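Residue numbers (full-length UniProt numbering): 1 to 690.
Backbone N, C-alpha and C fix where the C-beta goes; we use that ideal spot for every residue, glycine too.
Keep in mind the model is a prediction, meaning the values are calculated, not measured.
Below is one structure; the comments refer to it alone.
Shown next, in the form of structure tokens:
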């Protein structure tokens, strides 16, 4: 006699295996074993655990199979677990209408809701034990005690997916071990091998209409990817490989002639995950490409994931020139940013820009979006941080409905906006990152019982932190980073004098010859400060520009016509410079000896003029003591003698600095002679006074 729930699917039991197998073969490679296991779970029905490295489509295969069997989105519940997972979230959140009498959960918003026939739990082992333990109990009894109410679990199958190896987590962890026992079937999801033929088979599956050139590209790229794989340190996942294909083909479209050339293959350096690849990437890529400068592969429309103008404000054909025109005239070392933003907007897809602060990541993104036709009010800009909460992420609570249920005012969130900029995204807590990852995956947000579509086509995230380090420490961050297919570290290739001069020229393109000379001197000083920095930190573009403005303002504030060392020393108070342990003034003077003699001569002239007439002040001190008694007169005379000695020492320092200067330029030599004569005149004045 068949069990009472044998017909829980619209598809007859005898057709479950062939239907699943056919649906998975159309989209996935190496999925026959998964199809067989899914059919066993649905036939029984019983729970199933799929685990293995990320990027292999575990959740996608499960959803594809369930839909092929006749279930709709409304009958499939998907929930991501993680470090921020709580018991409240697991059971649907508090029932607001009952809070004045007892604590009950709104189970209609959880996997216990009666309409759900299948449940998918993603990254289940990332959750804390506090949420895993009660889940284990409900999966066992299939009943949840909600206050005084008994809520039956209607779902017939629970499929859990995780990137972690459960064998490593079950040892010594009773909560996870007990939970694992509730999943009768378990399977590791990975390819049998990660060789060129495996990737070529994947590309053939996702581009069935590929042209002859497209098939050649598949073979070339598959060989490149397989050549990058290193068994213990790096293996490119199917998801990364698909994005690599997307990047290479879009690079051909950006060229304007749909031809793939050698540089297009090198653009896979932007693909998420490649930032951890530390070997000689360019050399390994070139090893699998023809040694021919005329190497070309012609593509057709069937080789692209999508064709046409694209969903953004400007057409795909316009985007490359627009991005370049917005950034290149105003920023230096921006070619990589131009490339990655162009690729992101042409596809379109999400992109993560990371690197040390002060390099203009957000400014470049905003400039690119504006030239794409978006006004500031159309660009959703949100800063994350330690105080970022799930409430803020989704627009804050909908006050009008608080007495009924907890819903968010999503019109005030990023969901309705076509383009989004998220700043300092890695500063947020796991509680905020976890739900964001879910929505970026499903492109929809469940607001109470209402599904709110995510209309964002391109999300650009910026952070000063290294995502590689955070991905090691936080599974929530690692999962979120995988939702940004393109990533780039934003920093200068070098921090030398010429780099800062280029920066100052971009910021002041119409500067006079005298100002350009000062820019050169200031750039030389900063470059020397970088070399002496104990921590290896470089003066960022923002600090350099701020310091230059302060130095210029110092000249004006003090009524000087020429810059002196005191003006340059204002950089000591710029944010970021406080970590210097050495004498900044000494470093600056040393740098000026090499490339800023003009400033040193101006500084000597300024200090010399300050000493003129100072001997008169000393004489006044002596005179003030003549009418005093012997004891008081002695104290005043000591003060006058100390002032006189300091005055003579100052003159000696000026003369020493003048003699120490190594000058070959005739104009500067003449200036040095004039300065020396002025100092000698003041020295004679002091000598006469003594």
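- For the 7 Å CB-CB criterion, residue 526 and residue 597 do not form a contact.
- For residue 383, the beta-bridge partners assigned by DSSP are 423.
- With fewer than 16 other Cβ atoms inside 10 Å of its own Cβ, residue 561 counts as exposed.
- Rounded to whole angstroms, residue 529 and residue 519 show a C-alpha spacing of 15 Å.
- Your pair residue 495 and residue 524 does not check out as a contact, with CB atoms roughly 12 Å apart and the cut at 8 Å.
- With respect to the C-alpha of residue 657, the residue from 626, 675, 410, 113 having the closest C-alpha is 675.
- Comparing alpha carbon positions, the residue from 258, 209, 199, 203 closest to residue 235 is 199.
- Boundaries of the beta strand (DSSP E) harbouring residue 187: 185-188, taken from the DSSP string.
- Ranked by Cα distance from residue 622, the first of 68, 311, 636 is 636.
- Within the region 162-237, the complete alpha helix (DSSP H) segments of 4 residues or longer fall at 166-170, 174-180, 196-206, 212-228, listed in chain order.
- DSSP places residue 318 outside any alpha helix (DSSP H), giving it a letter other than H or E.
- Taking a 10 Å sphere around the C-beta of residue 459, we find 16 or more other C-beta atoms and assign the residue as buried.
- The region 348-358 and the region 484-502 touch, with three or more beta-carbon pairs separated by less than 8 Å.
- The Cβ atoms of residue 250 and residue 365 lie no closer than 7 Å to each other.
- If you compare the alpha carbons of 357, 399, 59 with that of residue 463, the shortest gap goes to 357.
- Between the region 319-333 and the region 429-436 there are fewer than three inter-stretch CB-CB distances shorter than 8 Å, so the stretches are not counted as touching.
- One alpha carbon belongs to residue 424, the other to residue 461, and they sit about 7 Å apart.
- When the Cα atoms are used, residue 218 and residue 245 turn out to be separated by approximately 8 Å.
- Put simply, of 165, 51, 75 the residue whose alpha carbon is nearest the alpha carbon of residue 187 is 51.
- Under a 10 Å Cβ-count criterion, residue 411 is classified as exposed, with fewer than 16 other Cβ atoms of the shown protein chains found around its own Cβ.
- Apart from the 5 residues on each side of it in sequence, residue 441 sits with its Cβ closer than 7 Å to the Cβ of 483 in its chain, given in chain order.
- Taking the Cα positions, residue 516 is about 13 Å away from residue 497.
- Restricting attention to 566, 196, 466, the CA atom closest to the CA of residue 222 is found in 196.
- Between residue 672 and residue 601 a beta carbon distance of about 6 Å is seen, short of the 8 Å cut, so the two are scored as contacting.
- The beta strand (DSSP E) runs of length 3 or more contained entirely in the region 499-542 do not exist; there are none.
- Taking a cut-off of 8 Å on C-beta distances, the region 58-65 touches the region 34-48, as three or more cross pairs fall below it.
- For the 7 Å CB-CB criterion, residue 317 and residue 310 do not form a contact.
- Here residue 33 has 187 as same chain residues with Cβ atoms under 8 Å from its own Cβ, once five neighbours each way along the sequence are excluded.
- Of the residues 607, 161, 547, the one whose Cα lies closest to the Cα of residue 189 is 161.
- Here residue 17 is not near residue 69, since their CB atoms are 7 Å or more apart.
- Contact check for residue 77 and residue 138: beta-carbon distance about 13 Å, past the 8 Å limit, so the pair fails to qualify.
- Around the beta-carbon of residue 47, 16 or more other beta-carbon atoms lie within 10 Å, marking it buried.
- Straight through space, the alpha carbons of residue 368 and residue 329 are spaced by roughly 12 Å.
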